[in-house]
Amino acid sequence: MNKTYAVVFLLAGLLLLGGCGAAKQGAAPVASEKSYENGAVAGAGSESFSTVANDADGQAPVERKVTRKASLVMAVSNVTESYNQIQVIVNESGGYLQNADIHSADGQMRSTLTLRVPAAKLEEILSALEPLGQVEGKNISGQDVTEEYYDATARKANLERQEKRLLELYNKAGTVKDILEIENELTRVRGEIESLQARLNVLDNLISLATITVELRAPGGISTGSTLKEPLGTRLKAAWQMGVNGLVNFSEGLLLLGVILLPYTPFLAAAYLLFYYIVRKRRLKSKDSPTDRGAV
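The sequence shown begins at 0 in numbering that gives the first Met the number 0 and counts up by one.
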């Protein structure tokens, strides 16, 4: 019985400790966002985002955790060629192309690319991209996630200590009730650990790889026809296919009209017979008229 009480008290203490950790998380803001002017950020370089901040209480320095984003809007002479050049630049930098789209809109070729590149090379890659065309818009921003990152790390470490202590209690449990209670608590603690680890993995990815969104467009004076002119054979084939499709659509329309008029067929037939009978009777009557008999 004393062992059971001891287990219960220890579980209660662990629950209280976990509740305090959760309350601390709720009280602290998740993240604070910073926006940086293009010139200031570009001049500071990647070193400005890897600086180490000292705690106000004189504690050990803390490495800042910052996620970075950038966007470029450029007018280029050849969208497809610029698209291929961007892929080469990104691959050589150790990044990758996350999303891409090339399409024609309003007489212009357009493309939107989402790039993931090493955060430390962000300015270098932007400098390599800008000569590909005329830059019409540029933006660089950063979000400071230092507090969220270290809070999640501390909570995860605290939960791992709880897990270790629960495993010790599990090995000492003497009753089925104690075992079930400890197993339930272990399930909860492990679930929170996995959730925090997943969030830390996401933050690590966002911190290590910056996101660049690039929008490319052809100059306004270039029409879709001049940039996407197809060979004569292809256009003839398309014209033939258009004619065939028109004939098929016309035939389908006639067939549908026939089906629609089918219920009215008896009435139309009766009207036709009546009309034919009247016309024929008038013709016969005109032949038997007095004028014709006098002529005979």
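For glycine and all other residues, C-beta sits at the position ideal for the given N, C-alpha and C.
- If you draw a straight line from the Cα of K68 to the Cα of D105, it comes to about 29 Å.
- Contact between L96 and V89 holds: CB atoms are separated by about 6 Å, below the 8 Å threshold.
- Collapsing the DSSP output to three states places S250 in a helix.
- Comparing alpha-carbon positions, the option among L125, S126, V144, L199 lying closest to R154 turns out to be L199.
- L260 is not bridged by DSSP to any residue.
- Rounded to the nearest whole angstrom, the CA to CA distance from P117 to L165 is 41 Å.
- The Cβ-Cβ distance between R63 and D143 falls below 8 Å.
- DSSP, read as helix, strand or coil, puts P130 in helix.
- At least 8 Å separates the beta-carbon of L131 from that of I211.
- For L112, DSSP records a beta bridge to A99, V213.
- In this structure the stretch 185-196 does not lie against the stretch 69-84, because fewer than three pairs of beta carbons, one per stretch, are closer than 8 Å.
- P117 carries a strand assignment under DSSP once its states are collapsed to helix, strand and coil.
- The Cβ-Cβ distance between A99 and L112 falls below 8 Å.
- In the DSSP assignment, the residues bridged to I139 are A69.
- In the DSSP assignment, L208 forms a beta bridge with P117.
- No residue range can be given for T174, since it is assigned to no alpha helix (DSSP H) and is classified by DSSP as neither H nor E.
- As the crow flies, the alpha-carbon of E122 is around 50 Å from that of Q240.
- In the DSSP annotation of this structure, the continuous segment of the alpha helix (DSSP H) that includes N90 starts and ends at 78-91.
- Here S92 really is in contact with K120; their C-beta atoms are around 5 Å apart, less than 8 Å.
- Annotation: A197 to L71 spans about 31 Å, alpha carbon to alpha carbon.
- A residue is called buried when at least 16 other Cβ atoms come within 10 angstroms of its Cβ; G242 does not meet this threshold and is exposed.
- Looking at the DSSP output, A74 bridges to Q133, R216.
- Residue nearest to L208 within the set V61, T66, L256 is T66 (criterion: CA-CA distance).
- Per the coordinates, the alpha-carbon of S76 lies some 42 Å from the alpha-carbon of T145.
- Just so you know, the alpha carbons of Y149 and V61 end up roughly 9 Å apart.
- Nearest in C-alpha terms to N204, of all of G94, E214, A74, is G94.
- Counting only the Cα atoms, Y271 lies some 26 Å from E251.
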